[in-house]
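Asker:
Chains as they are written, first to last, in the numbering used here: chain A, 101 to 211; chain B, 157 to 269.
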C-alpha cells in the first residue's frame, strides 16, 4: 500500500529558506501535492506537481521531485511568520482520485 | 467564489447519539471526498463519490458510519450511534472532473462525550 512520510517538526528564522521533505513508496504516483493547514482551519492547496516533472516554481514556493528516490521537497523562500503552519505532503496513485497524506510537518518561524 | 461548505463547524454530542455532518461541494465539481483527521492516525480517507456514486468506501470504519450524496450539490456523513473514539475533525473535499486539484472545506470538529 501507499505510505507517505514526513518529519514532524521544522524551525527556521524569519527571512531564511525553509525546506520541508517528504518520501513516498508508491511508484505509480502520478501527482504529488503540498497542502498548508493553519490552526483550526482546513487544508489549503499550495501547489502540486506531475510525476514527469522534476521542478515547479510558484512565487516563493519551489517543489523538487526526485522520482528515482521517491523524494519530494517544498522550499519556501524568505520565510515569514505567516508561514507558520502544518504542511502536508500527499500523493495520488495511478488513476485513483483520492489522496494519501503524510503526517504533516509543523513549521515554526522564529522572529 | 464559494469554496467547499461544511456544517456544522463544531458539534458536541453524547455517546449514543446520531450525528449528521453536511457538505456542499464547489459547484461543477463531480468528485467528493470525506476525510477524518485525528492526532493518532492523521488524515484518512473515509469514502469518495464520483458523479454522486460511492466509489471507494473502504475507509469507513464500521457500520455505524454511512454517507450519502443525493445530488451533485450535497452530501452527508452520518454516525449512528456515535462513540467517544469518533471524536475528530471531519473534512469534506471536492475535485473537478478534469482537474487534479482537491479543495478542502473548513472541517467539522466533532466531540463525542
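For glycine and all other residues, C-beta sits at the position ideal for the given N, C-alpha and C.
Report the residues of the stretch 125-146 of chain A with a CB closer than 7 Å to any CB of chain B, ordered along the chain.
Answerer: Flagged, chain order: 131, 141, 142, 143, 145.
Asker: Starting from the C-beta of residue 262(B), find all residues in its chain whose C-beta is less than 7 Å away, skip the five residues before and the five after it, and write them out in chain order.
Answerer: Taking the second chain and counting its residues from 1, the one referred to as residue 262(B) is at position 106. Counting only Cβ-Cβ distances below 7 Å, and skipping sequence neighbours, we find 162, 165.
Asker: Return the bridge partner residues of residue 156(A) from the DSSP annotation.
Answerer: Here residue 156(A) refers to the residue found at position 56 of the first chain. BP columns for residue 156(A) point to 163(A).
Asker: For residue 217(B), does the three-state DSSP call read helix, strand or coil?
Answerer: As a working note, residue 217(B) is residue 61 in the second chain. It is coil, neither helix nor strand.
Asker: Could you have a look at residue 262(B) and say whether DSSP puts it in helix, strand or coil?
Answerer: For the purposes of this step, residue 262(B) is taken as residue 106 along the second chain, with counting starting at 1. Of the three classes helix, strand and coil, the one that applies to residue 262(B) here is coil, per DSSP.
Asker: Can you tell me which residues form a DSSP beta bridge with residue 136(A)?
Answerer: Translated into the one-based positions of the first chain, residue 136(A) becomes position 36. Paired residue(s): 144(A), 187(A).
Asker: Of the choices 189(A), 200(A), 190(A), 184(A), whose alpha-carbon is the least far from that of residue 116(A)?
Answerer: Position 16 of the first chain, counted from the first residue, corresponds to residue 116(A). It is 184(A).
Asker: Between residue 110(A) and chain E, is any beta-carbon pair separated by less than 8 Å?
Answerer: Judged by its chain identifiers, the structure shown contains no chain E, and its protein chains are A and B.
Asker: Going by other Cβ atoms of all chains shown within 10 Å of its Cβ, with 16 needed for buried, is residue 266(B) buried or exposed?
Answerer: Here residue 266(B) refers to the residue found at position 110 when the second chain is read from its first residue. Residue 266(B) comes out buried.
Asker: Using three-state DSSP, classify residue 226(B) as helix, strand or coil.
Answerer: What you label residue 226(B) is simply residue 70 of the second chain in a count that begins at 1. Reduced to three states, the DSSP call for residue 226(B) is strand.
Asker: Which chain B residues are close to residue 159(A), counting only those with a beta carbon under 8 Å from its beta carbon?
Answerer: Position 59 of the first chain, counting from 1, holds the residue named residue 159(A). Under the 8 Å cutoff, chain B gives no residues; its nearest Cβ is about 17 Å from residue 159(A).
Asker: Return the first residue and the last residue of the beta strand (DSSP E) that residue 216(A) is part of.
Answerer: Residue coverage of chain A in this structure runs from 101 to 211, which leaves residue 216(A) outside it and unanswerable.
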